[in-house]
Every structure is written in C-alpha cells, then in structure tokens.
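Worksheet: one structure, shown below.
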Amino acid sequence: MKPVHILFEDNHVLVVEKPVNIPSQEDATGDPDMLTILKEDIKVRYNKPGNVYLGLVHRLDRPVGGAMVFAKTSKAASRLSETVRSRTLHKEYIAVVHGHPPTTHGKLVHHLLKDVRTNIVSVVPKGTRDAKEAILEYHVLEQADGMSLVRVVLHTGRPHQIRVQMNAIGCPLFGDQKYGAHVNKAGQQIALWSFELGFPHPVTKESLLFHSLPPDMYPWNIWSELHVQSKSDL
C-alpha cells in the first residue's frame with residue numbers, strides 16, 4: 005500500500021489520513037491495521053530499536069477514511085483520551101446520503117444498542133438496557149441526483165453512529181452495505197469521510213485543527229465543491 009499521508013507530527017502526537025478499508029486496530033481478519041502500519045513506519049523513519057509506542061485515541065470504521073490522531077507517548081495518550089471522554093475532541097464528517105433529510109440543519113438524538121455477535125447497531129427506545137445515547141448535528145450542503153451532501157458534527161462517539169442515525173431518518177449513506185443494502189449496490193464504497201479533527205495539544209494546549217478531503221471519485225466528485233467551512237457554521 006501507499007505510505008500513509010501524515011497531516012501533522014511532533015514528539016507527542018501523530019495526525020494522519022486513514023485510507024479506506026483498513027482497520028483502525030488489529031481485528032479478527034488479521035489484515036494490516038493502522039496502529040501496526042504506523043508503528044512500523046515510525047520504527048523505520050526514526051531507526052528505532054525495539055517496540056514503538058503508539059496509542060489509539062479514537063477509531064474510524066474500517067470502510068471510512070480521513071483524519072485520525074494517534075498518541076506518541078503515554079502522557080499524550082492519557083490527555084487525548086480525556087478529550088474524548090469530555091467531548092472536547094472535535095470530530096466532523098462529510099457524507100453522501102440517499103434522499104433528502106427533512107430539514108437542511110438538524111440535531112438527531114437516538115438511543116443505540118450494539119449486537120456484539122452480529123456487529124449490528126440498532127435504534128431502540130430510551131431506557132433499553134445497555135443502550136447508549138447518540139447525538140449528532142447535520143447540515144445539508146448540496147443536493148443532486150436524489151442524494152444529499154451533508155456535514156456531520158458528532159457530539160458522541162458511538163459505533164456506526166452516523167450510519168445508523170442517518171438511516172433512521174430515511175437517508176442511508178451511499179455505499180453502506182450494512183445499513184443501506186436496500187438502496188446500495190454490492191461493492192460500492194461507503195461515502196463517509198473524517199473531514200475535520202480538532203483538539204488541544206496534549207502538552208502545549210495549543211488548539212489544533214486539521215482537514216482531510218475525500219478522493220476525487222464518484223460520488224464525491226458530483227458536487228460543485230466540498231465546502232470547507234469552520235465548525236462555527238454548524
């Protein structure tokens with residue numbers, strides 16, 4: 005595979021552009037994963053002997069690409085993990101969905117339950133045992149060919165959250181075989197991308213913000229432009 009595109013790196017953090025269809029960490033498939041690939045890359049680039057430390061701060065679903073941050077020290081890992089828990093790790097996505105959301109700007113609140121045996125997440129009534137609240141905001145940027153380009157801000161980080169919540173309002177993601185098989189064709193790549201990632205630097209406390217754009221291919225390339233707006237626009 006091609007070398008992973010590095011968006012930012014210092015002694016404490018590593019921000020990269022995750023390619024699609026690579027697991028964030030080792031899974032049952034045994035396929036190459038981001039954590040292993042990046043550890044080996046650091047080992048080679050810096051000629052480091054022995055094991056390389058790299059902490060997984062957050063995950064992206066295997067079919068999803070885009071901006072992702074890793075910690076290069078245990079102190080950075082601890083502090084970045086706290087930003088995840090306190091919801092100060094800013095994660096923003098762009099997605100192509102089938103149909104048109106009911107409003108151009110909306111907030112979705114659902115309760116989600118994951119079946120660990122099937123790896124399927126479902127919307128369930130509030131109060132369901134083991135269910136977790138999921139909150140996101142979306143903003144419709146453009147509409148064409150019966151689809152919508154939407155920008156999504158996550159307020160919680162639940163498994164498959166965007167895919168499940170958008171499907172719940174009748175707008176499954178383009179290419180999503182798990183939650184949109186009734187409108188997608190086998191083999192299509194899911195159109196979900198980690199577009200914007202922001203967090204305070206774990207040591208300097210400087211506010212960092214990174215962007216990553218999806219590849220110039222269908223369905224991303226049917227839009228006149230992929231809007232790069234500040235998070236204050238949502």
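Okay, so the sequence shown: first residue is 5 according to my numbering, each after it adds one. All residues carry an ideal CB built from backbone N, CA and C; glycine is no exception. Quick caveat, the model's predicted, so the values are computed rather than measured.
Counting the other Cβ atoms within 10 Å of the Cβ of G70 gives 16 or more, which makes it buried. Residue M170 holds the alpha-carbon nearest to the alpha-carbon of A195 among M170, V113 and K47. Taken atom to atom, the span from the alpha-carbon of Q181 to that of E30 is near 22 Å. H109 and V156 have their alpha carbons spaced roughly 10 Å apart. G202 is positioned such that its CB atom lies no closer than 7 Å to that of L217. Excluding sequence positions up to five before and after L145, its CB lies within less than 7 Å of the CB of L153, V154, R155 and H231, all in the same chain and listed in chain order. Around the beta carbon of S28, 16 or more other beta carbons sit within 10 angstroms, so the residue counts as buried.
For D119, the enclosing beta strand (DSSP E) has its first and last residue at H109 to D119. Assignment of alpha helix (DSSP H) within the segment 46-118, counting only whole runs of 4 or more residues, yields 78-89 in chain order.
V8 places its beta carbon less than 7 Å from that of V20. The beta-bridge partner set that DSSP reports for V128 consists of H115. Under the three-state reduction of DSSP, M221 is assigned to coil, being neither helix nor strand. At a Cβ-Cβ threshold of 7 Å, L42 and L60 do not count as neighbours. In summary, S211 is exposed, with fewer than 16 beta-carbon neighbours lying within 10 Å of its beta-carbon over all protein chains present. In the three-state DSSP reduction, R167 falls in the helix class (H, G or I). By alpha-carbon distance to P23, the top candidate from H104, S78 and F199 is F199.
With respect to the 7 Å criterion, V187 and H102 are classified as neighbours on the basis of their beta carbons.
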